[in-house]
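Worksheet for the structure shown next.
Chains as they are written, first to last, in my numbering: chain A, 1 to 231; chain B, 232 to 448.
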């Protein structure tokens with residue numbers, strides 16, 4: 001078994017127009033920047049993107065928005081991106097905003113075969129409008145459905161040919177849940193290692209969730225807000 | 232209003248207890264971390280999965296893979312842990328955080344909070360705010376008492392879309408410290424340089440004045 005594809009271009013050839021794709025990352029941290037760039041290059045259209053954020057104007061998911069490849073987004077926070085704002089205000093893109101904890105749990109439910117869950121988050125706000133609600137132990141809860149996708153793009157620091165993945169610091173974020181929640185998960189890694197090099201105790205995403213893997217050739221890893229202490 | 236912010240932040244910091252797990256929102260709340268009282272050890276939580284946020288890095292320490300929820304570069308303290316987003320929000324929703332501090336556009340006397348959306352303006356999203364206000368044991372709103380134009384932010388009933396229903400436990404502004412109780416806004420302390428009359432004027436709801444009204448500032 002070898003899940004490694006030659007490069008990102010080969011990986012995104014699997015993606016047809018109209019696909020729903022989950023993309024890991026928090027802000028620009030831990031985003032699958034190599035696969036996003038390849039998808040931009042390929043020009044695949046009518047995409048639904050499921051991602052915590054929308055990137056910035058010229059990096060990450062932002063480049064797919066600028067080229068109008070995305071028609072719908074499910075996200076928790078979409079500031080930081082002027083082009084997105086314009087498309088949103090002009091009604092060119094459909095947006096579903098989800099509270100971040102609910103977003104994470106909907107992804108988890110999608111990957112774990114759960115048909116949804118009741119959460120107190122958002123009860124009594126616009127988030128609960130049109131949804132089933134229930135009082136549990138005296139507290140209002142909202143029913144939230146799982147999230148599924150045709151594809152997931154996840155970013156890991158290391159992976160092996162079996163698809164086992166490990167992440168670095170806060171670049172983990174939504175990547176593990178997304179790996180499990182899509183029909184086909186493509187992981188991009190900074191470093192390909194031999195099976196066994198990632199200790200079984202330390203594997204975060206087991207290979208069963210990963211169908212394909214590529215090694216990213218170059219990582220820019222742009223930082224949104226560099227803040228340093230004096231001295 | 233740098234002085235106002237400083238005063239708010241210092242007063243909020245006095246609410247910290249040794250051993251607390253705390254989430255500080257973006258803006259004024261983040262500054263609370265600079266005023267942790269001596270002898271008190273707290274653990275700062277960040278929505279993106281970092282428990283144990285350290286100071287901002289030096290230039291040499293910058294790691295693109297280590298940021299806080301405000302997308303700023305940070306460091307991690309010895310003893311910190313890093314988890315996925317689903318685990319991070321299990322901590323939040325599961326009632327494991329002792330305190331969250333965040334800003335507001337409006338708070339009403341029932342403890343309802345509005346801080347994520349102004350209709351007609353760009354909707355950026357609620358991020359983790361709805362989970363945080365519903366999950367933390369205490370929710371302190373740290374904000375300037377009135378809007379820049381002098382409008383009320385402490386109101387009888389929020390008119391803006393809500394972030395959470397009956398969630399706020401305390402409000403700290405540059406003028407006052409207010410507990411949100413079942414009876415409404417309970418004024419505990421007023422700032423040294425203000426008067427009860429001025430606070431009442433700047434507040435759009437009834438104030439229950441504490442019998443032993445304290446001062447801060």
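Idealized CB from N, CA, C, for every residue including glycine. Computed from a predicted model, the values in this text were never measured in an experiment.
For residue 164(A), no chain B residue has a Cβ inside 8 Å of its Cβ, as the nearest lies near 16 Å away.
Under the 7 Å criterion on CB atoms, residue 390(B) is classed as non-interfacial with respect to chain A. Within chain A, the residues whose beta carbon sits less than 7 Å from that of residue 295(B) are 29, 221 and 223, listed in sequence order. Within 7 Å of the CB of residue 351(B), no CB atom of chain A is found; the nearest one sits about 10 Å away.
For residue 446(B), the closest Cβ of chain A is not nearer than 7 Å. Rounded to whole angstroms, the separation of the alpha carbons of residue 405(B) and residue 343(B) is 21 Å. Between the region 201 to 212 of chain A and the region 35 to 54 of chain A, the count of Cβ pairs shorter than 8 Å is below three; the stretches do not touch.
Within the same chain, and ignoring the five residues on either side of residue 226(A) in sequence, no residue has its Cβ closer than 7 Å to its Cβ.
Under the three-state reduction of DSSP, residue 254(B) is assigned to strand. When the five nearest sequence neighbours on each side are left out, the beta carbons in the same chain lying within less than 7 Å of the beta carbon of residue 220(A) are those of 33, in order along the chain. The region 318 to 332 of chain B makes contact with the region 358 to 376 of chain B; the number of CB pairs closer than 8 Å reaches 3 or more. Comparing alpha-carbon positions, the option among 398(B), 312(B), 416(B) and 434(B) lying closest to residue 440(B) turns out to be 416(B).
Just so you know, the alpha carbons of residue 75(A) and residue 96(A) end up roughly 6 Å apart.
Counting C-beta atoms within 10 angstroms of its own C-beta, residue 46(A) has fewer than 16 neighbours from the protein chains shown and is therefore classed as exposed. For residue 379(B), no alpha helix (DSSP H) segment is defined, and its DSSP state is neither H nor E. Near chain A, meaning a CB-to-CB distance below 9 Å, the residues of the region 254 to 281 of chain B are 277, 278, 279, 280 and 281.
Fully enclosed beta strand (DSSP E) runs of no fewer than 3 residues occupy 281 to 284, 307 to 313, 330 to 333 and 337 to 339 of the region 277 to 341 of chain B, in order along the chain. For the region 92 to 106 of chain A, the beta-carbon criterion of a distance under 9 Å to any beta-carbon of chain B is satisfied by 95, 97, 98, 99, 100, 101, 102, 103, 104 and 105.
By the neighbour-count criterion, in which 16 or more other beta carbons inside 10 Å mark a residue as buried, residue 218(A) falls on the exposed side. Contact note: residue 354(B) reaches chain A through 78, 88, 95 and 97, using a C-beta cutoff of 9 Å and chain order. Contact between the region 334 to 342 of chain B and the region 384 to 393 of chain B is established, with three or more Cβ pairs separated by less than 8 Å.
When the beta-carbon positions are compared, residue 113(A) and residue 148(A) stay at least 7 Å from each other. Excluding sequence positions up to five before and after residue 138(A), its CB lies less than 7 Å from no other CB in the same chain. For the pair residue 157(A) and residue 279(B), the Cα-to-Cα distance works out to about 17 Å.
Here residue 329(B) is buried, its C-beta having at least 16 other C-beta atoms within 10 Å.
Assigned with DSSP and collapsed to three states, residue 169(A) falls in helix. Counting other Cβ atoms within 10 Å of its Cβ, residue 349(B) stays below 16 and is therefore classed as exposed. Near chain B, meaning a CB-to-CB distance below 7 Å, no residue of the region 183 to 213 of chain A qualifies.
For residue 218(A), the secondary structure class from DSSP, reduced to helix, strand or coil, is coil. The DSSP-derived three-state label of residue 426(B) is coil. With contact defined as three or more Cβ pairs closer than 8 Å, the region 379 to 388 of chain B and the region 427 to 441 of chain B are in contact.
Annotation: Cβ neighbours of residue 26(A) in chain B (cutoff 9 Å, chain order): 278, 279, 280, 298, 300, 302 and 316. Non-local C-beta neighbours of residue 176(A) in its own chain, meaning closer than 7 Å and more than five positions away in sequence, comprise 204 and 205, ordered along the chain. Residue contact with chain A for residue 287(B): present (Cβ-Cβ distance below 7 Å to some residue of chain A). Cα atoms of residue 174(A) and residue 359(B): separation of roughly 13 Å, rounded to the nearest angstrom. Annotation: residue 8(A) to residue 209(A) spans about 19 Å, alpha carbon to alpha carbon.
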